[in-house]
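Structure record follows, encoded as structure tokens.
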Amino acid sequence: MAVKGKIAQYSEMLKNKDISCIELTQKYIDEIQKCDDKLNSYVTVTPDTAINTAKIVDEKISKGETLGLLEGIPMTLKDNISTKGIKTTCCSKILDGYTPIYDASVWEYLKNQNAVLLGKTNMDEFAMGSSCETSCFGGAKNPHNINYVSGGSSGGVASAVGGNIAVYGLGSDTGGSIRQPASFCGIVGLKPTYGAVSRYGLIAYASSLDQIGPITTTVEDAAIVYDAISFYDDKDSTSRGKSSANTIDTLKNDIKGLKIGIAKEYFDGIRDDVKTAIEKAIKVYESLGAKIVYFDLPVLKYALPVYYILACAEASSNLGRYDGIRYGFKSEDYHSIHEMVSKTRSAGFGEEVKRRIMLGTYVLSAGYYDAYYKKAQSLRGNIVKAFKEAFNICDVILAPTVPITAFENGHAVSDPIETYLTDICTVPVNIAGLPAVSIPCGFGNNGLPIGMQLIGDMFCESKILNAAWQYENTTGDDVFKSAEMGVKL
Amino acid sequence: MKYELVAGFETHIELATNTKIFCSCTTEFGGEPNTHCCPVCIGLPGTLPKLNKKVVEYAIKAGLATNCEIAEISKMDRKNYCYPDLPKAYQISQYDMPLCQNGYVELSSGKKIRLNRIHIEEDAGKLIHRKGDTLVDYNRGGVPLIEIVSEPDIRSVDEAKEYVEKLQLIMRYIGISDCKMQEGSMRCDVNISVRPVGSEVYGTRTEIKNMNSITFIAKAMEYEFERQVDLIESGGKVIQETLRYDDVTNTTSSMRGKEDAHDYRYFREPDLVTINVPKEQVEKIKKSLPEFPTQKLKRYVEEYDIPNTDAQLLTKYRKIAEYFEEAIDGIKTPKTASNFIIGQIFRKLENEAEKEEFNIKVSAKSLNELIKLLDSGKIKMNLAKSTLDKMLETGKNVYELISESDMGGIDDNTLLELCNQAIQQNPNAVNDFKNGKVKAVKAMVGFVMKNSRGKADAVLAEQKLIELMQ
């Protein structure tokens, strides 16, 4: 059975007065109270803000005013998206007590649309991690099995959306942080083209790679949210907005003759059950009339080192500002400015963040810059070029999102290098600035969801979402199986 | 042994744009601490910079005014260092692709001090130390700066002084900065070394940081030159280090050595896009620039026949040059104007700052009127001079201060009488005039002039005659 988008469905219910916005919102708030002990997906719940917005929406409905699609829909934001008057911590002790005085551009927009913000969701500290467990609040759990992680870094959003305690959420993806947790939690995550969504107000991890995107339960919802948040923003110099039409307009188009590229390098070292699931998906696409094109992408072997060098380098600079002087946590035990900053940062940052700051500082240092940072920049160019060439022979690239399914709790943080390696399939897209959507494509031997990603050329969100929707529409509930918890309407 | 001084300058100049380099906060000097700030310029998490186009334009102006090449493509970089006045822990600056390169500033001797580069960057905030506490004021954070880096072409303290003054003059002329050293809108770092006269090799240099007055620069350089020479003479070695100058003791002392030099870990600022400056834009900016002092000077000497030394005084400050040019409009003797300005007018101005302000009571138009009277012979030099003094005192114009009689002419009644006489005694001319022969009035003007022995104002006489005949 085809999967129905939640947003359109709920919006319809609100308009038809099947349910009031306050009732809908209250249901979510109640379920958050019930489920969140297990999931730990929220770090800040904002019931008052949510109910206030719901009241405004109900008033509009009672007056017979037309509603926008996202109006009155309960949602969440990753805790690295700036929200005026609402704590934004990046799940780091160093931002303890910090409340932004301005809104991120995406949130400013959605707020004006009367999006109902349920709260801020958990994440790896400063978006550095693959399991959500580097969060100073502890990790968010996988709604399919709470003994497993939700993934990272946008684990809280994925956990909340997968666990049906938010209709949708916005995450951020620097090296896979939207797609990987979406894959682990059996839901949809779209990493837009670099520049498609404003980064203003997104607390930076690696500025040249970061991108905000939607995490949803269905492809249609991802398209709706993406269409809403993708606009040119004068506050972000790298912002370019949408290329042309809304993705929703072409979502359900026929994909006969669509050329789907498969690069074998994406399948090196992936787990057998993941591989089998992807192969099955390829068959689905063939049955839909898509043409499968096989090609090589040898430059992918450089993607991980390039990613970790560039991301850490930028992070080491971006995180320099947390010194305890202006906001956030400050160590009280010091005798000089130097000691204050040093102690604040030592106590305020977690292990993973410190590791990346040190790595990044190292690769930018005099004497090492050429060997690491410069080389990585030049390889970045090669990767961009290789993808460009690939899109001469295919329309979209199909690949696994992660070589495995969700880690067991505690596993990822115990072996950082092994964990870094699992980013292999997601990082190339960030390096090249491309859009990619992760969608579920079955379950592993352990019963946990498997995800696959469709990668498009720059600003080809329409194409990948169209291809994703066709797959979702064909496989339906078998693959897009919701976790047994949270709100059911 | 005789030693020669070798110096190069790094000069920071605050640009006089209305808003900061990456946000729309005001650049106004002063203000209550932390009131000229916003989330962007205090570097709140998640904020992004947005490059102020005016800053690029101003920097290009500075580049063009100092004979630089303007890069068609440049970019911003991050200079990473940790200090409480730097809220992002990096300064957005330009590293390997500056906006302007390879320029020079010409000294009066004709010697060219080469400029390596001019780049744009943001200023930092300010620390205020008070009763054992240190407070930070971020008002200045994000104010746009250009950094002008010279080659080590300076060989004496006098050259150094002239170089700094020249830069100041040029930047003020093109209106991109007030270059007030005492307010910190112009600050200099001096790299200084010594070597035996005749040597081709540079000695080890020290850098004296952050000097904010030309007098101190000169003193510090003199001190540092002596220190280095003494050190070498006594068998020691100059070590590469960063120094601060203490204007009370007139000495330099070490801030940090070479081994403590910062590793700034420069890398491209990912939050900003490439800066493209099309050739057409540079041309457009070039056209908008005022005539430079050196060009003006040449023109004054050649076209107006003004002595070089006077022309230098007139062109030193833009306001004076503009005043002079307005005052000589339609005047045959620009030299007279020059003499008035350099003589009587300058005497009213106490110092260089006042000259630069050039706030005087006599408008250029008034001076122009005065010179015109002098040129036409209606008044003599003595009267012109005393009248100018009165004008400078009172702000009144020449016609308010001197009557017709003062002009060595005749008063209104006498003029009227003479005109009536002319009409009575020249009936033919009157007839001719009334029959439409307008020129006939000229003969009668001649009569009036003759009978007033040249004292009457011909123009006034003509007016009066026509009035009487009509």
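Heads up: the protein sequence lines correspond to chains E and X, in order.
Numbering-wise (our numbering), the first sequence opens with residue 1113 and increments by one.
Numbering-wise (our numbering), the second sequence opens with residue 311 and increments by one.
Just so you know, even glycine gets a beta-carbon here, dropped at the ideal spot from N, CA and C.
What you are looking at is a predicted structure, and each value in this text was computed from that prediction instead of being measured.
When 7 Å is used as the limit between beta carbons, X/V672 is near no residue of chain E, the shortest such separation being about 49 Å.
As computed with DSSP, E/S1284 is found in a beta bridge with E/I1324. X/L683 carries a helical assignment under DSSP once its states are collapsed to helix, strand and coil. Along the stretch 381-415 of chain X, the positions whose C-beta sits under 8 Å from a C-beta of chain E are R388, N390, C392, P394, P397, K398, A399, Y400, read in chain order. Per the DSSP secondary-structure output, X/G413 pairs in a beta bridge with X/L425. Between X/T697 and X/L677, the alpha-carbon positions lie close to 10 Å from each other. Listed in chain order, the non-local C-beta contacts of E/L1181 below 8 Å within the same chain comprise I1119, A1120, S1123, I1336, A1340, local neighbours out to five positions each way being set aside. Annotation: E/Y1154 to E/C1248 spans about 13 Å, alpha carbon to alpha carbon. Counting only Cβ-Cβ distances below 8 Å, E/D1435 has contacts in chain X at C392, P394, A399, in chain order. Interface with chain X (8 Å Cβ-Cβ cutoff): E/R1438 is included. E/V1218 is not a Cβ neighbour of E/L1577, given a cutoff of 8 Å.
Identification of chain X residues near E/V1453 by a Cβ-Cβ cut-off of 7 Å yields C392, ordered along the chain. According to the DSSP assignment, E/Y1210 belongs to no beta strand (DSSP E), since it is labelled neither H nor E. Buried is the label assigned to X/M496, since at least 16 other Cβ atoms lie within 10 Å of its Cβ. Using a CB distance cut-off of 8 Å, X/V583 counts as an interface residue toward chain E.
For the stretch 555-584 of chain X, the set of positions with a beta-carbon nearer than 9 Å to some beta-carbon of chain E reads D573, Y574, R575, Y576, F577, R578, E579, P580, D581, L582, V583 in chain order. Under the criterion of beta carbons closer than 8 Å, X/K671 and X/A631 do not qualify as touching, at roughly 19 Å.
Rounded to whole angstroms, E/N1257 and E/G1554 show a C-alpha spacing of 15 Å. Spanning the alpha carbons of X/A571 and E/S1243 requires a straight line of approximately 40 Å. Close CB contacts of X/E579 within its chain, under the 6 Å cut and outside five residues either way in sequence, are with M386, D387, R388, I402 (chain order). At a beta-carbon threshold of 8 Å, the residues of chain X lying near E/I1315 are P355, G356, ordered along the chain. Taking 7 Å as the upper bound on Cβ-Cβ separation, chain X lies near residues A1425, E1426, S1429, G1432 of the stretch 1403-1432 of chain E. Just measuring C-alpha positions, the residue of E/I1404, E/M1235, E/G1460 sitting nearest E/G1281 is E/M1235. Of all residues in the stretch 1347-1361 of chain E, only K1347, D1348, S1349, T1350 come within less than 8 Å of chain X when Cβ atoms are compared, listed by chain position. Between E/G1231 and E/A1252, the C-beta spacing is not below 8 Å.
E/A1544 is outside the set of residues whose beta carbon lies under 8 Å from a beta carbon in chain X.
For the stretch 1196-1218 of chain E, the set of positions with a beta-carbon nearer than 9 Å to some beta-carbon of chain X reads T1200, C1202, L1207, Y1210, P1212, I1213, Y1214, A1216 in chain order.
Any Cβ of chain E closer than 8 Å to the Cβ of X/V365 would place that residue at the interface, and such an atom is absent.
Nearest in C-alpha terms to E/K1190, of all of E/P1552, E/A1272, E/D1589, is E/A1272. As computed with DSSP, E/Y1414 is found in no beta bridge at all. Rounded to whole angstroms, the gap between the alpha carbons of X/Q591 and X/K364 is 12 Å.
The contact set of X/V446 on chain E, defined by CB atoms closer than 9 Å, consists of I1437, R1438 in chain order. Near chain X, meaning a CB-to-CB distance below 8 Å, no residue of the stretch 1142-1160 of chain E qualifies.
Secondary structure at E/Y1583: helix, using DSSP grouped into helix, strand and coil. In the DSSP assignment, E/S1262 forms no beta bridge with any residue. If you look at E/M1187, you'll find it in the beta strand (DSSP E) that goes 1186-1190.
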